[in-house]
Amino acid sequence: MPRLRSQLLDNVVQEAVLRQPSQFSASELSTFVHSLASLHHEDILSSTAMDLCTLSAIRRSEQFRAHEMVDVVWSYTQIFGHHHDPQVLDTMAKLLVPRLGEITHVPRLVILVKAFADLDLHYTDLHNEVSALLCPHLECLDQGLVVELLQAFGHVHHYSSTLFERAATVLSDSKSRLSTSQLASVLQLYGCMMHDPGQAALDVWLTQLQDLGRAALTSSQVCSVLWSLALLEALSPELFLQLSRDIQDCRKGDFTVSDIERLLMAEWLLEITCRRQGQTPPRIPRPLRLQILSVWRERLYYKHDVSSFQKDVGLTLTDMRISHTLEESVENGDFKIDYVIVGDGNARVALECDGPRRFTSNAPYHALGETVASRRVLEGRGWRVVSISKHAWNSLKSREEKQSFLEQELWGIGC
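Using full-length UniProt numbering, read the sequence shown as starting at 1 and increasing by one per residue.
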């Protein structure tokens with residue numbers, strides 16, 4: 001039966017190619033490619049047909065209704081995946097932006113940004129427009145779709161304060177409840193994007209977390225939840241101990257590198273909060289802590305990836321005769337700092353060269369949760385952290401401009 005199905009689809013695709021997609025009406029073409037992608041019929045001939053159909057759609061985009069163009073975009077991403085032609089998707093995204101308002105079926109906009117997120121593609125204008133169009137209608141969407149929307153935006157690091165604020169209201173509605181995976185994902189997204197959902201939403205989510213039962217969380221979800229709550233300064237010592245004890249029997253192989261980083265950062269962030277409040281900070285159960293700390297420090301020790309951006313900053317420091325150490329391990333191996341500088345009075349300065357992936361992908365490019373967590377912990381341990389973003393550095397054209405920029409950033413340190 002599967003063989004017969006495949007042969008039938010082969011014949012249909014071959015016939016479509018012979019008839020030439022340029023001869024199809026816009027409605028026929030969008031229906032054909034959407035069906036092809038939905039049936040997961042992928043071979044060389046299907047790829048050829050998809051290419052021809054997409055190019056035909058681009059050449060006569062004015063003949064397509066907006067939702068038909070969305071179907072073409074979605075179908076193209078499903079057929080080609082990460083083997084797509086960037087120029088094709090760039091062109092289709094630009095063609096869609098001014099017409100997104102024509103789409104009356106709101107979930108179709110979610111489908112669109114999800115398709116781009118699956119390919120790690122970000123289009124500022126398109127994402128801004130989708131956010132503006134969806135914000136007034138979030139209450140009409142199923143909570144699962146709202147979570148998927150946030151995941152799509154979070155995956156490409158596109159931040160919209162209005163979208164995340166409205167979503168927090170919708171997702172904390174007491175009339176409906178999030179599943180365990182949705183709850184963990186939502187908390188992780190708000191931590192990653194450094195958006196405070198508000199105490200009311202946090203109270204609802206923490207209550208749901210207790211009601212679901214901690215055992216429902218996977219070890220990875222526990223790490224994400226602890227990290228997010230610590231970043232949002234909503235993690236109590238009691239909850240930290242409860243959740244960390246739930247995973248104390250796990251082995252280091254049960255965690256990804258990201259899991260380990262988040263679990264350790266949660267402990268270190270909570271330590272800062274507790275010491276500020278005069279409390280004794282809780283710790284990850286000792287056997288597990290020793291295992292993951294060893295993995296973390298070993299990974300940092302062998303990690304040595306110096307970017308051209310980092311080298312250029314170092315060259316400028318040298319030109320300015322500022323003594324510095326490259327990629328130095330500090331705090332017993334808990335951190336590796338891009339450049340360590342010693343200022344007046346032995347002040348410890350961590351100069352970090354932060355690339356685009358450490359910030360939101362849209363202006364004003366604020367730091368993501370992972371970056372903020374590291375800064376807070378280092379500052380809590382007595383370091384002065386100076387972040388140099390690649391966005392800012394690339395705007396400087398001459399050596400003089402770069403030196404002046406660093407002088408301002410390092411002012412008062414006495415290097």
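Ideal Cβ positions, reconstructed from N, Cα and C, are used throughout, including at glycine.
This structure is a prediction, so every number in the text was calculated from the model and none was measured.
Taking only runs that begin and end inside the segment 89-167, name each unbroken alpha helix (DSSP H) of 4 or more residues, in chain order.
107-118, 124-134 and 143-155
Output the boundary residues of the beta strand (DSSP E) element that contains Ile388.
Arg384 to Ser389
Close beta carbons around Arg389, own chain, < 7 Å, minus the five adjacent residues each side
Here the sequence assigns Ser to residue 389, which means Arg is not the residue at that position. Excluding sequence neighbours, Ser389 sits near Asp354, Phe359 and Tyr365.
Distance, Cα to Cα, Pro237 vs Pro282?
6 Å
Nearest neighbour of Gln221, chosen from Ser179, Asp196, Met193 and Met194 [CA to CA]:
Ser179
Take the Cβ of Asp259 as the centre, count every other Cβ of all protein chains shown within 10 Å, and call the residue buried at 16 or more, exposed below.
buried
When DSSP labels each residue in this structure, what does Thr325 get in the three-state scheme?
strand
Can you pull the DSSP bridge partners for Cys353?
Ile388
Contact between the segment 138-148 and the segment 158-172: three or more CB pairs below 8 Å?
yes
Within the present structure, is the beta-carbon of Thr318 separated from the nearest heavy atom of the ligand NAD by less than 6 Å?
As presented, the structure is devoid of all ligands, the ligand NAD included, so that no description of it is given.
Does the structure place the segment 264-283 close enough to the segment 303-318 that three or more beta carbon pairs sit under 8 Å?
no
Boundaries of the alpha helix (DSSP H) in which Val33 is found, first to last residue
Ala26 to Ser38
Strictly by DSSP, which residues pair up with Lys336?
Ser329
Leaving out five residues on either side along the sequence, give the residues of the same chain with a beta carbon under 6 Å from the beta carbon of Pro197.
Ala168 and Tyr190
Would you please state the rounded distance, in angstroms, between the beta carbons of Val386 and Leu410? I believe it to be under 8 Å.
6 Å
Helix, strand or coil for Ile341? Go by DSSP, reduced to three states.
strand
Measuring CA to CA, which of Gln63, Arg3, Asp43 and His41 is closest to Leu29?
Gln63
Identify the continuous alpha helix (DSSP H) that holds Ser56 and give its terminal residues.
Ile44 to Arg59
Tell me, please, which residues DSSP counts as bridged to residue 426.
Outside the modelled stretch of the chain, which goes from 1 to 415, sits residue 426, for which no answer is possible.
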